[in-house]
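Structure record follows, encoded as structure tokens.
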Amino acid sequence: MTARSVIDSQNIPAHVAIIMDGNGRWAKQRGGLRVFGHQSGVTAVRETVETAAELGVSYLTLYAFSTENWNRPALEVSALMQLLVHTIRQETATLLKNSIRLQAIGDTASLPASCQRELAEAMQLTASGTRMTLVLALSYSGRWDLTQAARRLAYDVASGKVQPAAVTEATLAGYLSTAGIPDPALLIRTSGEQRISNFLLWQLAYTELYITDLLWPDFRRADFEEAIRAYQRRERRFGKTSEQLSVS
Ligand code: IPE
Ligand code: IPE
Ligand code: MG
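Numbered according to numbering that gives the first Met the number 0, the sequence shown spans residues 0 to 247.
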């Protein structure tokens with residue numbers, strides 16, 4: 000029996016989010032520069048996107064650059080931006096071929112112009128992809144997202160478009176950058192850190208967390224499959240009792 004056969008194709012998480020962490024440590028272990036780790040992480044991205052699409056995941060969100068990552072050394076930030084431009088340029092054809100739509104969440108207006116251009120072009124080219132949506136979180140943080148949502152909602156309230164008393168959870172969710180995307184069912188974090196690092200704070204309310212000690216550049220197809228299997232062993236109770244779930 001292959002490892003693949005034990006994955007229940009009827010219970011694939013519709014949305015998987017990943018905190019791709021550990022590139023720097025991976026490079027350090029090899030005596031290389033941090034940038035070498037980021038470059039090596041691209042292989043893991045490619046395999047993960049491919050595997051997710053093959054398994055039938057509808058949305059895959061990758062945390063590629065956080066609001067806080069702007070505080071890294073300027074050289075590392077610019078290397079990451081260059082890598083982003085290069086990778087998008089290189090991978091767009093594959094996304095198109097596999098009918099994968101590219102989307103971005105985050106304060107993308109703060110990215111260098113070259114990144115914005117490359118991103119806009121790739122998103123436009125892949126807009127009709129229906130197999131899976133690949134969401135890149137760029138200059139993203141959960142608090143940024145909640146703040147921009149609150150700001151835009153405040154404008155709509157001030158202009159009379161929205162009544163304060165009519166604001167529901169769904170209203171607020173509709174102003175988040177993830178509007179229209181289901182909340183992640185599974186969050187994977189590599190490199191063993193036990194934290195959210197300001198990722199999708201609202202959206203992760205009931206997400207299953209899967210943390211692996213593997214460093215991101217070492218993450219492969221089999222590791223993604225293992226995360227899916229672990230997810231399938233969980234009981235998602237959403238506040239109910241186990242007994243309630245079995246009588247449904
Ligand atoms: C994740 O790897 C990549 C980004 C945050 C852009 P890190 O660069 O954080 O690697 P570590 O955590 O220092 O090992
Ligand atoms: C989280 O990783 C952000 C991304 C993976 C893009 P970090 O390496 O920035 O997280 P912290 O700072 O260790 O929490
Ligand atoms: Mg890190």
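Glycine included, every Cβ here is placed at the ideal spot set by N, Cα and C.
Since residue i contacts residue j with CB under 8 Å, what's their CB separation in whole angstroms?
{"i": "Y58", "j": "T132", "result": "5 Å"}
{"i": "G105", "j": "Y139", "result": "3 Å"}
{"i": "I6", "j": "R188", "result": "That belief does not hold up - the Cβ atoms of I6 and R188 are roughly 20 Å apart, past 8 Å."}
{"i": "F218", "j": "A51", "result": "That belief does not hold up - the Cβ atoms of F218 and A51 are roughly 12 Å apart, past 8 Å."}
{"i": "R215", "j": "W25", "result": "According to the sequence provided, residue 215 is Trp. The question's Arg does not apply to it. Yes, W215 and W25 are in contact; Cβ-Cβ is about 7 Å, under 8 Å."}
{"i": "L248", "j": "F64", "result": "As displayed, the chain neither begins before 0 nor continues past 247, which places residue 248 out of reach and without an answer."}
{"i": "P181", "j": "A16", "result": "Between A16 and P181 the Cβ distance is about 11 Å, and since that is not below 8 Å, they are no contact."}
{"i": "T86", "j": "V41", "result": "5 Å"}
Just tell me which of the options has its CA closest to the CA of residue i.
{"i": "L175", "options": "V246, L145, L200, L185", "result": "L145"}
{"i": "D20", "options": "T93, F198, R232, Q81", "result": "F198"}
{"i": "E90", "options": "Q231, E168, M122", "result": "M122"}
{"i": "A103", "options": "V156, L135, S127, E117", "result": "L135"}
{"i": "Q38", "options": "L79, A13, G55, W69", "result": "L79"}
{"i": "R262", "options": "L118, I99, S77", "result": "Limits of the chain in this structure are 0 at one end and 247 at the other, which puts residue 262 out of reach."}
Does at least one heavy atom of ligand 2 sit under 6 Å from the Cβ of residue i?
{"i": "F218", "result": "no"}
{"i": "S196", "result": "yes"}
{"i": "Y209", "result": "no"}
{"i": "S65", "result": "yes"}
{"i": "I104", "result": "no"}
{"i": "Y174", "result": "no"}
{"i": "Y62", "result": "yes"}
{"i": "I187", "result": "no"}
{"i": "I11", "result": "no"}
{"i": "I18", "result": "yes"}
Using the beta-carbon count (16 or more within 10 Å), is residue i buried or exposed?
{"i": "Q237", "result": "Strictly speaking, residue 237 in this sequence is Phe, with Gln absent from that position. F237 should be labelled exposed."}
{"i": "D212", "result": "exposed"}
{"i": "E192", "result": "exposed"}
{"i": "S33", "result": "Residue 33 is actually Arg in this sequence, not Ser. With 16 or more Cβ atoms within 10 Å of its Cβ, R33 is classed as buried."}
{"i": "T271", "result": "Only positions 0 to 247 of the chain appear in this structure, which leaves residue 271 out of reach."}
{"i": "M0", "result": "Residue confidence is low: M0 scores 48 on pLDDT, short of 50, so the model does not pin down where it sits. Its coordinate-derived value is still stated next. Exposed."}
{"i": "L185", "result": "buried"}
{"i": "H14", "result": "buried"}
{"i": "E168", "result": "exposed"}
{"i": "T129", "result": "exposed"}
Closer than 5 Å to ligand 1: residues, by C-beta to nearest heavy atom, in chain order: With 5 Å as the limit, the residues whose C-beta approaches a heavy atom of ligand 1 more closely than that are D20, G21, N22, G23, R24, in chain order.
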